[in-house]
Structure formats: C-alpha cells, structure tokens
RNA sequence: GCGGAUAUGGCGGAAUUGGCAGACGCGCUAGAUUCAGGUUCUAGUCGGGGCAACUCGGUGAAGGUUCAAGUCCUUUUAUCCGCACCA
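Numbering (this note's numbering), first residue to last: 122 to 921.
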C-alpha cells in the first residue's frame, strides 16, 4: 500500500464525524478519563503550530485510553473574550461577535483537518450568553460570600490616549501607542479576595500530581512568609508606623526606616515634614515608573530623607531617620519597612548611599564590606545576645514584642488580591448596580445573563473607562433593591474569568438550569489530566484552582481540587531557534505541512521532535524522516503474511508493546516512536511479519497516525474503527532476556563485554569474567582490591 | 532583581534515574536502482592515532564525592520562560 494521505485523511475524518466515534459516552458505570487541554483564543490568524503540539500530547493519551476501554471526555472550546478581537473591532468596525464566530469556525475546521479526536458535541465559547451567564453567576456567588470588593490601586495610564495600559503596553514608561510618558494613576478597581484562599491553595498542592517545578512555581507565587508586624512610634510618639518584617530578630540592627512614596501617612504630616516639597517632587518621578520597573531596576537606589520626621526603635529607644524610596512597595506588607543594613542587601546599598549607620547584629560576615544575610550568633542585641539559632531568636523577639504590645506575629503573602476588571467592551459585564441609596447591589440571579449591549464604537472612553459607559440604555437602570434610579457597573471582567471554570461546563455544556448537572460533575470530575503551557502555571492554574475551591466550599462541586494531574508542553521554536513570531518571519503554518505531507506526518513529527516538555526548533528535514517512516509502515501490507515471523521478531514486538504503552503514559512520545522505528527496522531485517503482528503495529501507531492506521486496518478486512479496538497487550515472560550482555570494567574503564545467563549468581559471573581472554591478562599478577557486580549491567574489578 | 528551567556529535535528541555516552531520526560520504531530478536499497558516520585488532580523549566551564558521574554536591558562564491590565 502507498501512503495516499490526500485521500485517506478526509475519508476517515468524515467517517469518525458521521459515527460520532469520539463522543464521550453516557454509561456512568464505565471507568472514565477526562483529558483537558487549554482551550485556544480564536485569533484571526487561526491555528498556530504551538496549538498542534499543545493538543497532540493528550490526543495520543486519549486515543490510547479509548482503546483501553475507558469512557473518554476530550473536549475543546474557545476562550474568546479579549483584547485582540476588540482592537480589531476598533480598527475595522467588525463587531467582535462577528469576528469571533468567524474565527471559531475557521479554527474548528483547521482542528478537524488534523484528525484530533475531540468530542465536538461538548464545545463551548466563553462569549456565548449561555456560557457567561454562569461566569456572572459564580461572580455573584463570590460577591455574596464577601470575596468581591472595591479598592484603589495605581494603574499605568497614558494621559494622551486617555487609556489604562498593561505593564506590557507601557514598557520603558512609554505608551505603546503614542510613545508619550505613562503615569501612575489611582483608580477604583474590583478585586477578588484570592488571598483568603492562599493557605487552601498551598495545602491543595499536597493532594495533586503536578511536577515539582510547577508546584514550586505556585508556592513561590503565593509567597507565604512568616514574620511579625512591629509598631514604631514616629513624629514624637503621637502615632505608630507599622512595618512587616520576616526578621524581627534583627530589630536591634535597625538604623533607619523607609516608607513607600505613596504611603498615606506622609500626607498627614505635611506640616511637620519640613522638606515636603522634595517628597512631592520624588513622588512625581516615581509615578512615571511602573511597579515592574521599580522592582526590576534596583541597581541604583534613590530616595529622600524626611526632615523633621523621625522614628524611634522600639527595642532600644534610639531615634532613627525615616526615608521615602521606591524600593519599598505600597502593595506588599504595610508599605513601610524597618531597615537593617547590616543584614539586608537592599538596605545595605541604601545605607551606603545615604550615609546611615550599619550595626552588626548577626555574626558571620564582614559588614564593613557587604551585608551578611546568613545565620550566626546574635550580637549587640540585648536579650538576644548569644543565641545562634535564627528560629529561637525570632521566637524570643516575637514573644517580647507581643508582651510589650508593640508587635505581633504575622503572615504575609506575595500574592495580592486579584484585580478583576478591565475597561473594555469585549468581556463579561460585571453584574453589579450602583445605587445612590443602597450602594453596590448585585443583579438578581434571574436577570442573568446580563448581556453586552450591541454597540458599534469600541474606543475606550475619556479617562479610560469602558466603551459601555457611553451607552446610556445600558448604564441607566433601576435598583433591584429600592426601585430607584441607579447606574450599572460598566467595567467588564478580565479574560481570565471565563477560563477559570470552563472545564466544568464541558461536562454539561447546554444545561440551562445550572452551570453543570451535579451527577455529571460527580462522574467526570476531577479532570484526570490537564496539559497546557508553562506560562499558565501560575496565573490561570491558580485562578482556576481558586474558583473551583470556592465552588467546593459552597457545596457546588464534589472535590476540593479540579485537576489530578498537570503537565506542560514545551514551545516549538522557529527554524532559527527563536520564538516564532510574525515580526521575525519564522512562523510555520501547520496547514501548509498538512497539505504537503498530511496530518499524520505532522502529528508524528511534532511528537518525535524531542522531549515533549522541552522547547525545540522546527526542522523541515525532520518532517521528511517521519514521512519516510509512515511510507514504510504503509508498505508493510505488502509483506504481511499469515505465518512466517521469527522468534526474535516476536520478542521484539512484546518489548515494543511494553515500551510504547509506558512511554505514552510518561509523555515520552519521541522514544515511543523511536521504538516503533526500531521495530520497523527489525521487520525489514527479518523481511517478513504476520498479519497479527501488523495489526499490533498499527494499533500502537494509531494514536499518532490514526488515518493511515485505520486505512491499513480496513485493508486487512477489518470492520469498525481501529481507534476503538483493544490496545495490544504484551506477555511479560516474553520480554525478559534469557541471556544478558554485561560490561566489564577494570578500574572503571571498559575492557570487554561478556554474555551470561540472566539468573547467574555473582560468583559464576565473576568466574566467567576472570577467565575471559580479554580480561585475564589484565588482572594477571595484580592484587584485586574489590569486585563489584550489578546484575544484568556491569562488573567492575578494582586492581592495584 | 526575584522565581522556574535548560546546556550531550554537523542538527533534533536518547541514556533502564549513579552502571557500556551518542538509541531513533535528520544531514553527510560511498555504492546500487532510476533516462534524469526525486524516491528506494546497502554500508559508513563523536574527535585524535592506527591498514587493522585496538587505543587515547570526550556530555557549556572549573573543582569535589564515588569502584563508577551526562546523571549527585560546590562555584561559574550562557540561553529560555514567568513576574500580576498580553492571551
């Protein structure tokens, strides 16, 4: 047979679709497998080669699971709210609804051309009213449970475009659109109180199967730190300035304090601070920097010393100066710090620049040279002197602070509450009404979905508010509580909202009564295996775990964690080894490859390319290798006979079934395919194989190259789909070798190999080795110091 | 800066997790098939030395642990990813 992909691929795609071959079954007595891949943003550019890799992994696992008899749910939907579609609408006046529908249609068609076994009957679209109704519903549940609040924050704002910018769009402090200076502006923002779930999100990690690096990234992102809040009296003892520190034990080494430039206490003491003009000057400079820059560029510390405003060290009563500096962030801790220059690098650098004293309180370094951040004996620290264990000295200091009422133990998280709104059109409207009498009032549940009004001008409003603010018919409404005139919130939710619970909707996508039927949730959840990009490991993964955990806490879902197992694929880089991007011109269009080589070749190549979890550059020549491989597979039909295989080949088949079976589970697709290539080389050497062996071969290859394998299956006279036929099994007794080859080393250098029976004992193996004619002369007359034998692997003789 | 990762032939990558480095594929060389290009087949392909058997060296760099290190430890360099309004 020839590999006629142009005809066989559409043929099998149509047959699968007509038979709904990959539709998840309703039989809940069967073992289930829920495979989830991150749903795409349906951009106008269509499918990217990265999507193919992201989906091909669990595509193979899902296909294997079906053959193993599982009831498999492998869905795909669309995360369609977002800026690119909105910007496209601003530019072209094509409504986002129209553009989104068009893009989804294109994307779906492209996916089908790859032969992915998605259950298209379960597809969803986050911008569908029947979907975002439930996104709004969950938001209101959070509102009801005190997890939604409003507060001020600083945002990047371009005064010329009058628009709020992301950090990315304001890099270098310049507006990406008009290049004018970006300023920091205070703005009312919606927040979700995710910090309340910080501990639950940390604890939940113990019960799930994520790779350690993903867990570590989440732990660091949450950034829990144990420390203490300490009150310093300022301005002559009238008021307290509270700081947060993880090292209260170094309190005796505090020689100054630093406040964030935006710290509200500064304004209260305007009249006392004699150089307040300098403070305002400095604030203006800082307002031009994004927080990102402030934390990033800390090479050169800047700041202003406050005149007429000092603090008192609460443990030794010493008067210390207070500075403002932008290396202290208002958003972390209390917005003020105690500085211990001897033992903190940033404080040290600042102290050197501003000529403040450095007092050593932990022995071990030379504080005249650099800050010492290690452990050591406490000195110059009153009642802590002589303690050598950090834990003990922290505990003792916290005890002292609590006793004296000047501080208390506390916990801080790096993770902040989640800023949950955008001033954009193309997002879920936040279902809240502002009533002059009743305050913030939720839209009643029976009025959901709160639909986006149909508009044709998508430019953001003056001052950066959402385009919705201009639509009077949307904004003006009556308060559901008092019936008086009220105004709707015009911000929309961030694009993270829809993706925070989408995996629940796949289970029951058309339910109008609930976000999903509880019985279906109990059967399908949790997701058994979730694969996606490393870049989503912190945000999306944490956000969706938060939402799910909340739903669990209010009794809406059956388990506390949504994903049992998480993996992440690596990027496909351009042929030049750089990240693919339009501007570099190194983008590979997957459909070009499908046209030239077929979907089976593309799928096979992408998985053969290298370690699935690592990044690898695209190489067109590698594609040809996979084409050659599939052509050789097709040609196997010409030599398969009823009988005539060899015992050696039979053994090779058992080994390959074992290897492919386990490699797929470990996502080692490249070595699984290498094993199949090795096997086809063995078949070529043998020159023959049986029809049953060919069936085994195509069953193993079917998850990778399903169209060709189905075609061969049919040509062998089989009815039904190979894709739904049983997965091959192997016989463990046929896999073990009776004889093994053992490497023989003298003093760690390879000198020979010997073949011994697999169950030989150490004495007989060593006897064989010593008498071997390559080894005997080398140990002749030498003193044998040691003989090491690792069964089945190696013998090492140490001689002198 | 902080956090996460990576580094192995000409190239993509393997290495049973501390046990024969370079599986498999690409590319390349030689030969065969073909009118020719492509395809297909056979042999070879980490580097140095040797006709060969063989031998010496070799996993970004420098140290260390071990009978044994690509794998573990310390230091270091380079590259990639994330850092909160990009999706």
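Think of the CB as a built atom: it goes at the ideal place given N, C-alpha and C, for glycine as much as any other residue. Being a predicted model, the structure only gives us computed values, none of them experimental.
| message | With the cut-off set at 9 angstroms, would you say residue 457 and residue 364 are in Cβ contact? | response | yes
| Should residue 512 be labelled buried (16 or more other beta-carbon atoms within 10 Å of its own) or exposed? | exposed
| query | Quick one: is residue 337 buried, meaning 16 or more other Cβ sit within 10 Å of its Cβ, or exposed? | reply | exposed
| task | Could you please give the first and the last residue of the uninterrupted beta strand (DSSP E) stretch that includes residue 352? | result | 345-355
| message | Tell me the DSSP secondary structure of residue 246 in three-state form. | response | strand
| query | Considering only residues of the same chain and omitting the five flanking positions on each side of residue 910, which have a CB-CB separation below 7 angstroms? | reply | 883, 886, 887 and 916
| query | If you drop the 5 nearest sequence neighbours on each side, which residues of the same chain put their C-beta closer than 7 angstroms to that of residue 176? | reply | 158 and 237
| Helix or strand or just coil, what does DSSP make of residue 749? | helix
| request: Tell me, please, whether the stretch 686-698 touches the stretch 629-642 by the rule of three or more beta-carbon pairs shorter than 8 angstroms. | output: no
| Short check: CB of residue 381 to CB of residue 451, under 9 angstroms? | yes
| request: Give the DSSP-derived three-state secondary structure of residue 206 in the structure shown. | output: helix
| Validate contact between the stretch 716-723 and the stretch 748-766 using beta carbons, cut 8 angstroms, 3 pairs | yes
| field | Selected residue, minimal CA-CA separation from residue 223, among 268, 387, 615 and 199 | value | 199
| request: Use the C-beta contact count for residue 826: other C-beta atoms within 10 angstroms, 16 or more gives buried, fewer gives exposed. | output: buried
| message | By alpha-carbon positions, which one of 766, 905, 807 and 696 ends up nearest to residue 706? | response | 696
| query | So what's residue 133 in DSSP terms, helix, strand or just coil? | reply | helix
| message | Mapping the DSSP letters down to three states, classify residue 382 as helix, strand or coil. | response | coil
| query | Are residue 541 and residue 269 touching if we call contact CB-CB under 9 angstroms? | reply | yes
| request: Apply the 10 Å Cβ neighbour rule to residue 341 and answer buried if 16 or more other Cβ atoms are within range, or exposed otherwise. | output: exposed
| Hey, residue 920 and residue 906 are a contact pair by Cβ (cut 8 angstroms); roughly how many whole angstroms apart? | 6 angstroms
| query | For the alpha helix (DSSP H) that contains residue 791, what are its first and last residues? | reply | 790-807
| To which residues does DSSP link residue 307 through a beta bridge? | 275
| Limits of the unbroken alpha helix (DSSP H) element including residue 836 | 827-836
| field | Simplified DSSP state of residue 904, which is helix, strand or coil | value | coil
| task | Report yes or no: do three or more beta-carbon pairs, one from the stretch 383-403 and one from the stretch 431-440, lie closer than 8 angstroms? | result | no
| Does DSSP put residue 756 in a helix, a strand or coil? | helix
| Alpha-carbon spacing of residue 179 relative to residue 600, whole angstroms | 48 angstroms
| field | Residue nearest to residue 135 in terms of C-alpha spacing, selected from 174, 181 and 230 | value | 230
| Are the Cβ atoms of residue 240 and residue 686 separated by less than 9 angstroms? | no
| Length of the line joining the Cα atoms of residue 849 and residue 838 | 18 angstroms
| query | Curious, which full-length alpha helix (DSSP H) runs of at least 4 residues does the stretch 596-668 contain? | reply | 623-626 and 639-645
| task | Using beta-carbon positions only, say whether residue 845 and residue 761 come within less than 9 angstroms of one another. | result | no
| message | Suppose only complete runs of 4+ residues qualify. What are the alpha helix (DSSP H) ranges in the stretch 835-886, listed by chain order? | response | 853-856
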